[in-house]
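Colleague:
Protein chains: 2
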Amino acid sequence: MEAPITIDSLEVTDIRFPTSESGDGSDAMHTDPDYSAAYLVLGTSVPGLKGHGLAFTLGRGTEVVVQAVRALEPLIVGRSLAEIRGDWASFWRGLTSEPQLRWIGPEKGAIHLATAAVVNAIWDLTARAEGKPLWKLVADMTPSELVDCVDFRYIEDFLSREEAFEILQKGKSSQPEREKEIRSKGYPAYITSVGWLGYDDAKIKRLCKQGLEEGWDWFKMKVGSNLDDDRRRAAVIRQVIGPERQLMMDANQKWSVPEAMAWMEGLAEFQPLWIEEPTSPDDVLGHAAIARAVSPIGVATGEQCANRVVFKQLLQAEAIAFCQIDSCRLGGLNEVLAVMLMAAKAGVPVCPHAGGVGLCEHVSHLLAIDFLCVSGSMTGRVGEWVDHLHEHFQNPAKVENGRYLLPDAPGYGVAMKSESIEAFSWPNGEVWRGRAQA
Amino acid sequence: MEAPITIDSLEVTDIRFPTSESGDGSDAMHTDPDYSAAYLVLGTSVPGLKGHGLAFTLGRGTEVVVQAVRALEPLIVGRSLAEIRGDWASFWRGLTSEPQLRWIGPEKGAIHLATAAVVNAIWDLTARAEGKPLWKLVADMTPSELVDCVDFRYIEDFLSREEAFEILQKGKSSQPEREKEIRSKGYPAYITSVGWLGYDDAKIKRLCKQGLEEGWDWFKMKVGSNLDDDRRRAAVIRQVIGPERQLMMDANQKWSVPEAMAWMEGLAEFQPLWIEEPTSPDDVLGHAAIARAVSPIGVATGEQCANRVVFKQLLQAEAIAFCQIDSCRLGGLNEVLAVMLMAAKAGVPVCPHAGGVGLCEHVSHLLAIDFLCVSGSMTGRVGEWVDHLHEHFQNPAKVENGRYLLPDAPGYGVAMKSESIEAFSWPNGEVWRGRAQA
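Residue numbers (our numbering), protein chains in the order written: chain A, 8 to 445; chain B, 8 to 445.
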């Protein structure tokens with residue numbers, strides 16, 4: 008029998024890494040990111056048992072999300088884990104529909120990022136309480152228990168509770184074989200490091216060759232600042248990786264709808280698998296128009312799509328061929344499950360966004376959950392991998408031969424090392440004390 | 008010649024009114040609002056010249072928006088007003104696309120509410136610097152100057168800069184007649200006070216009769232908690248106001264898409280003009296489906312629609328028959344202008360959301376701007392009026408005979424009385440010191 012566990016504290020920290028100094032992760036819209044996180048730790052009535060969650064941010068604005076996490080604290084602290092697990096969907100709705108707080112969303116922006124952090128911390132806590140990695144905790148739940156985690160408000164017109172149950176039930180009996188498969192083979196991943204804006208031919212060639220040697224089969228490049236430059240880099244990458252391996256392109260919301268269409272005409276000959284974030288993440292109809300125009304290139308988006316209602320429409324409108332859930336943008340695992348289930352119904356592969364701080368750690372679990380519980384397939388699916396900042400986590404995500412390895416440590420992956428928390432705390436950690444402040 | 012004006016300070020205050028104690032403004036989704044605001048004052052290099060803006064909130068969470076306003080401070084303080092006015096669209100994009108801050112939106116949630124407050128404060132400052140009410144400042148601008156205020160990013164596929172210019176140019180020559188008209192007649196308004204959930208027949212009758220005596224022609228009721236109760240109240244209201252006056256219904260996002268369709272079948276016989284917020288404010292396709300199903304009842308929404316990209320799609324999809332801009336949810340006047348222009352192109356009437364704290368004060372200007380500069384029409388258009396909390400403003404909005412009066416004081420209407428700021432500051436104002444804190 009499980010010991011009664013009560014959440015009795017919430018500590019949130021503003022942690023920032025000065026990544027803008029090296030230009031890591033910069034793109035057309037986010038030119039100087041300091042990869043950061045509103046990082047939180049839930050304390051419990053059980054000595055040593057904690058839950059860890061984070062909202063990934065880009066530096067400035069992290070303090071706003073920290074404040075939003077604090078606003079949710081009264082809804083978390085004092086609650087028993089059994090009570091939350093007994094009716095997850097209602098608890099989740101209580102967070103996202105808090106009648107005063109919902110005005111500053113609803114279900115979007117800082118308050119929804121905070122919701123993600125809090126919800127994921129509770130899942131981390133749950134997995135640790137059972138001594139399992141999160142993916143295993145979820146895989147061991149029954150279809151009915153999983154459906155009970157999802158708030159179907161505003162998505163019933165696309166996915167009913169019954170349909171969700173059927174999707175989960177369908178693959179349940181063959182789950183043990185898939186667990187064996189992913190344990191031995193891992194899950195396909197892709198890298199972006201070969202294709203940043205402004206790399207010269209020699210550097211691109213070298214990085215692509217290195218990628219091939221390391222076993223990568225999927226490569227993503229940034230596009231959208233200069234068409235000639237994009238064509239040049241695409242040609243070099245294709246030349247090195249050959250026609251069989253996959254090349255993806257990412258515009259980071261740079262374009263209007265007609266610009267996206269025109270630009271991709273100029274890049275079609277390089278046979279990209281997808282064009283990612285061609286325009287505003289809010290523009291469902293725009294993505295649908297672009298999808299029709301650029302076919303057979305698929306449209307991918309999601310890292311900045313606010314919630315399940317936006318994903319519902321992207322799927323209804325056949326606007327996306329690849330569904331890029333973000334573990335910390337959607338309201339935590341519960342809403343990720345909702346989107347995975349809708350994508351499964353639509354037959355659209357889930358290819359999670361990662362990178363940043365801790366996103367790969369979360370994604371290593373989400374890939375397994377989609378494969379084991381929801382879609383049941385790895386075909387045509389791939390998770391993003393960025394080799395940054397993993398050293399700050401107690402159980403960092405791992406890739407080998409271009410594939411995510413199945414995590415084995417208990418929890419949801421983002422517990423940070425205490426020395427990292429201390430050093431990178433903003434503005435008083437030692438890393439920041441020495442720097443002129445923005 | 009204008010004296011050079013520099014913004015040299017930004018002061019933001021968390022102001023909350025304990026409206027939940029009387030149940031004012033509660034609805035199906037927002038059950039206990041304490042009408043509040045992140046209220047800001049910009050100081051300038053000119054003694055006595057200030058700019059005032061606010062983000063309306065519901066109590067808890069205001070501190071998050073206050074923090075978001077502070078995050079924008081470095082982008083505002085130190086800027087000259089002439090520089091901002093010289094390239095308003097670029098300045099606005101600089102706020103909404105700040106490369107680190109945009110991650111916690113983009114253009115939505117707490118950071119976008121903060122943008123609205125800051126942008127509107129700059130407009131207030133500009134109008135005060137010229138000694139004009141905001142509507143007059145805008146009406147005196149040329150079509151070309153107004154177009155230069157709009158960031159067309161992500162909306163060019165629906166409204167080009169040239170089309171926007173033509174809309175503004177078309178009515179410019181007849182503007183003086185319209186100014187005369189609105190000055191003498193005011194602008195139609197509607198009230199919600201007759202139709203709150205749970206009122207008994209006698210109270211509804213009394214309030215409707217009182218409304219008729221005061222000159223109101225448009226009445227809105229809340230619906231969505233109990234169909235029988237909605238039918239009962241609708242019947243009473245229709246009986247008192249007769250078949251000619253307008254009855255509108257507001258569900259405050261209570262329903263799923265199929266629920267909205269079914270429920271409105273049960274209310275169609277009372278001939279509502281519109282059903283407001285039938286479902287999630289993010290659900291463009293859902294609103295479009297509802298619009299097709301409930302026609303000829305019009306669908307109205309907007310008070311929680313995040314930005315111009317969402318409105319663009321609502322108009323593209325013919326999902327709304329009434330466009331309910333919110334002065335403090337959209338990113339200030341510049342984005343309101345973008346949406347007004349798109350609505351004019353689509354031939355959809357703009358019927359602003361108001362109530363809360365300061366929204367009626369802003370709306371009294373926006374109605375005039377739409378009439379004088381954009382749509383050129385009052386026909387079938389109406390602004391919301393709620394008679395709450397106006398006493399805290401230095402120049403409160405006014406209605407007479409069911410119509411908004413044209414404001415005449417310089418500025419954008421939301422400068423608060425210093426004694427109100429002091430008394431209602433949270434948590435240390437005298438009104439709050441005496442209360443147990445949430």
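All residues carry an ideal CB built from backbone N, CA and C; glycine is no exception.
Note that the coordinates shown come from a computational prediction; the quantities given were computed from them, not determined experimentally.
Kindly indicate the opening and closing residues of the alpha helix (DSSP H) around Val126/A.
Modeller: Taking the first sequence and counting its residues from 1, the one referred to as residue 126/A is at position 119. First-last of the alpha helix (DSSP H) with Val126/A: 116 to 136.
Colleague: To the nearest angstrom, how far is it from the Cα of Cys335/A to the Cα of Ala313/A?
Modeller: Position 328 of the first sequence, counted from the start, is the residue given in the question as residue 335/A. Position 306 of the first sequence, counted from the start, is the residue given in the question as residue 313/A. Taking the straight line from one Cα to the other gives about 10 angstroms.
Colleague: In the DSSP assignment, what are the bridge partners of Asp394/B?
Modeller: Taking the second sequence and counting its residues from 1, the one referred to as residue 394/B is at position 387. In DSSP, Asp394/B forms no bridge with anything.
Colleague: Could you tell me the alpha carbon to alpha carbon distance between Pro417/A and His59/A, rounded to whole angstroms?
Modeller: By one-based count along the first sequence, residue 417/A stands at place 410. By one-based count along the first sequence, residue 59/A stands at place 52. Straight-line Cα distance between these residues: approximately 12 angstroms.
Colleague: Alpha carbon to alpha carbon, how far is Gly124/A from Leu65/A?
Modeller: The sequence position of residue 124/A within the first sequence is 117, counting from 1. The sequence position of residue 65/A within the first sequence is 58, counting from 1. First, the amino acid is wrong: residue 124/A is Ala here, not Gly. So the two alpha carbons sit approximately 15 angstroms from each other.
Colleague: For the alpha helix (DSSP H) containing Glu266/A, list its first residue and its last residue.
Modeller: To locate residue 266/A, count along the first sequence from 1; it is residue 259. 264 to 272 is the extent of the alpha helix (DSSP H) around Glu266/A.
Colleague: Inspect the beta-carbon positions of Asp158/B and Gly409/B and report whether they are closer than 8 angstroms.
Modeller: Numbered from 1 along the second sequence, position 151 holds the residue referred to as residue 158/B. Numbered from 1 along the second sequence, position 402 holds the residue referred to as residue 409/B. For Asp158/B and Gly409/B, no; Cβs fall outside 8 angstroms.
Colleague: Tell me the DSSP bridge mates of Val247/B?
Modeller: For the purposes of this step, residue 247/B is taken as residue 240 along the second sequence, with counting starting at 1. According to DSSP, which records beta bridges pairwise, Val247/B is partnered with nothing at all.
Colleague: Counting only C-beta atoms, is Asp1/B closer than 8 angstroms to chain A at any point?
Modeller: As shown, chain B starts at 8 and ends at 445. That puts residue 1/B outside it, with no answer to give.
Colleague: Quick one, which residues of the segment 96 to 118 of chain B are near chain A if we go by CB-CB under 8 angstroms, in chain order?
Modeller: Listed by position along the chain: Ser104, Glu105, Pro106, Gln107, Leu108, Arg109, Trp110, Ile111, Gly112, Pro113, Glu114, Lys115, Gly116, Ala117, Ile118.
Colleague: Which value, in whole angstroms, describes the spacing of the CA atoms of Leu17/A and Ala45/A?
Modeller: Residue numbering aside, residue 17/A sits at position 10 when the first sequence is read from its first letter. Residue numbering aside, residue 45/A sits at position 38 when the first sequence is read from its first letter. Roughly 12 angstroms separates the two Cα atoms.
Colleague: Taking Ser427/A as part of the beta strand (DSSP E), name the residues at either end of that continuous run.
Modeller: Taking the first sequence and counting its residues from 1, one reaches residue 427/A at position 420. Per DSSP, Ser427/A belongs to no beta strand (DSSP E); it is in the alpha helix (DSSP H), 425 to 431.
Colleague: Let me check one thing: in DSSP terms, what residues is Tyr46/B bridge-paired to?
Modeller: Translated into the one-based positions of the second sequence, residue 46/B becomes position 39. Paired residues: Thr20/B, Leu61/B.
Colleague: Considering just the uninterrupted stretch of the alpha helix (DSSP H) at Ala177/B, what are its terminal residues?
Modeller: Numbered from its first residue, the second sequence carries residue 177/B at position 170. First, the amino acid is wrong: residue 177/B is Lys here, not Ala. Per DSSP, Lys177/B belongs to the alpha helix (DSSP H) from 168 to 177.
Colleague: Spatial neighbours of Glu310/B within its chain, please: CB distance less than 6 angstroms, with the 5 preceding and 5 following residues excluded, ordered by chain position.
Modeller: Here residue 310/B corresponds to residue number 303 of the second sequence, with the count starting at 1. Only Gln331, Asp333, His360 meet the Cβ criterion.
Colleague: Decide if the segment 172 to 189 of chain A is in contact with the segment 204 to 222 of chain A; the criterion is three or more beta carbon pairs, one per stretch, under 8 angstroms apart.
Modeller: Contact between the segment 172 to 189 of chain A and the segment 204 to 222 of chain A is absent, because fewer than three Cβ pairs lie under 8 angstroms.
Colleague: Leaving aside the five residues before and after Val364/A along the sequence, list all residues of the same chain whose C-beta is less than 6 angstroms from its C-beta, in chain order.
Modeller: Counting from one through the first sequence, the residue named residue 364/A turns up at place 357. Tyr42, Ala44, Phe63, Leu396.
Colleague: Along the chain, which unbroken stretches of the alpha helix (DSSP H) at least 4 residues long are found entirely within the segment 211 to 249 of chain B?
Modeller: Complete alpha helix (DSSP H) runs here, min 4: 234 to 248.
Colleague: Please identify, using Cβ separations under 9 angstroms, the residues of the segment 317 to 331 of chain A that lie next to chain B, in order along the chain.
Modeller: Per Cβ criterion, the list reads Val317, Lys319, Gln320, Gln323, Ala324.
Colleague: Where Asp94/B and Leu153/B are concerned, what is the direct C-alpha to C-alpha distance, given to the nearest angstrom?
Modeller: By one-based count along the second sequence, residue 94/B stands at place 87. By one-based count along the second sequence, residue 153/B stands at place 146. One C-alpha to the other measures close to 11 angstroms.
Colleague: How big is the Cα-Cα spacing for Ala445/A and Ile91/B?
Modeller: Working through the first sequence from its first residue, we reach residue 445/A at position 438. Working through the second sequence from its first residue, we reach residue 91/B at position 84. Bear in mind that the predicted position of Ala445/A carries a pLDDT of just 47, short of 50, making it unreliable; the figure below should be weighed with that in mind. Those two C-alpha atoms are separated by around 22 angstroms.
Colleague: Between Ala121/A and the rest of its own chain, which residues show a CB-CB distance below 8 angstroms, the 5 nearest in sequence each way excluded?
Modeller: By 1-based counting over the first sequence, the position of residue 121/A is 114. Around Ala121/A: Ala45, Ala62, Val72, Ala75, Val76, Ala78, Leu79.
Colleague: Relative to the C-alpha of Thr133/A, which candidate in Pro434/A, Leu340/A, Gly362/A, Thr386/A has its C-alpha closest?
Modeller: One-based indexing of the first sequence puts residue 133/A at position 126. The residue with the shortest Cα to Cα distance from Thr133/A is Leu340/A.
Colleague: Return the chain-ordered list of same chain residues with a C-beta closer than 8 angstroms to the C-beta of Asp15/B, the five sequence neighbours on each side being excluded.
Modeller: Residue numbering aside, residue 15/B sits at position 8 when the second sequence is read from its first letter. Excluding positions up to five away in sequence, the list reads Gly50, Thr51, Ser52, Val84, Gly85.
Colleague: Between Ser287/A and the rest of its own chain, which residues show a CB-CB distance below 8 angstroms, the 5 nearest in sequence each way excluded?
Modeller: Walking along the first sequence from the start, residue 287/A turns up at place 280. Here the set comprises Gln260, Gly293.
Colleague: Tell me, please, which residues DSSP counts as bridged to Trp99/B.
Modeller: On the second sequence, residue 99/B is found 92 positions in, with the first residue counted as 1. BP columns for Trp99/B are empty, so no partner.
Colleague: Tell me where the alpha helix (DSSP H) around Thr69/B begins and ends.
Modeller: Along the second sequence, one-based indexing puts residue 69/B at 62. Thr69/B -> alpha helix (DSSP H) spans 69 to 83.
Colleague: With a floor of 3 residues, list each beta strand (DSSP E) that falls wholly inside the segment 284 to 312 of chain A, ordered by position along the chain.
Modeller: Those beta strand (DSSP E) runs which fall completely within the segment 284 to 312 of chain A and span 3+ residues are 305 to 308.
Colleague: Consider the Cβ of Met36/A: report whether some Cβ of chain B lies at a distance smaller than 8 angstroms.
Modeller: On the first sequence, residue 36/A is found 29 positions in, with the first residue counted as 1. Yes, its Cβ sits closer than 8 angstroms to a Cβ of chain B.
Colleague: Just to confirm before moving on: does the CB-CB distance between Ile156/B and Leu344/B stay below 8 angstroms?
Modeller: Taking the second sequence and counting its residues from 1, the one referred to as residue 156/B is at position 149. Taking the second sequence and counting its residues from 1, the one referred to as residue 344/B is at position 337. This sequence places Cys at residue 156/B; Ile is not what is there. For Cys156/B and Leu344/B, yes; Cβs fall inside 8 angstroms.
Colleague: Taking the alpha carbon of Pro303/B as the reference point, which residue from Asp415/B, Trp281/B, Arg315/B has its own alpha carbon closest?
Modeller: Counting from 1 along the second sequence, the entry for residue 303/B is found at position 296. When only C-alpha atoms are compared, the closest one is Trp281/B.
Colleague: With a 10 Å radius around its C-beta and 16 neighbouring C-beta atoms as the bar for buried, classify Thr69/B as buried or exposed.
Modeller: In the second sequence, counting from the first residue as 1, residue 69/B sits at position 62. Label assigned to Thr69/B: buried.
Colleague: Quick one: what does DSSP say Ala445/B is sitting in, helix, strand or coil?
Modeller: For the purposes of this step, residue 445/B is taken as residue 438 along the second sequence, with counting starting at 1. Unreliable placement is indicated for Ala445/B, whose pLDDT of 47 sits below 50; the coordinate value is still reported in the next sentence. Coil, per DSSP.
Colleague: Which residues of chain A have a Cβ atom closer than 8 angstroms to the Cβ of Asp41/B, listed in chain order?
Modeller: Start at 1 with the first residue of the second sequence, and residue 41/B comes out as number 34. Within 8 angstroms Cβ-Cβ: Gln107.
Colleague: Which chain B residues sit within Cβ distance under 8 angstroms of Arg67/A?
Modeller: Along the first sequence, read from residue 1 onward, the residue named residue 67/A stands at position 60. Near Arg67/A (Cβ distances below 8 angstroms), the residues of chain B are Ala78, Glu105, Gln107, Leu108.
Colleague: Starting from the Cα of Trp130/B, find the closest Cα among Ser425/B, Glu342/B, Val346/B and give me that residue.
Modeller: For the purposes of this step, residue 130/B is identified with residue 123 of the second sequence, where counting begins at 1. Residue Glu342/B is the option with its Cα nearest to Trp130/B.
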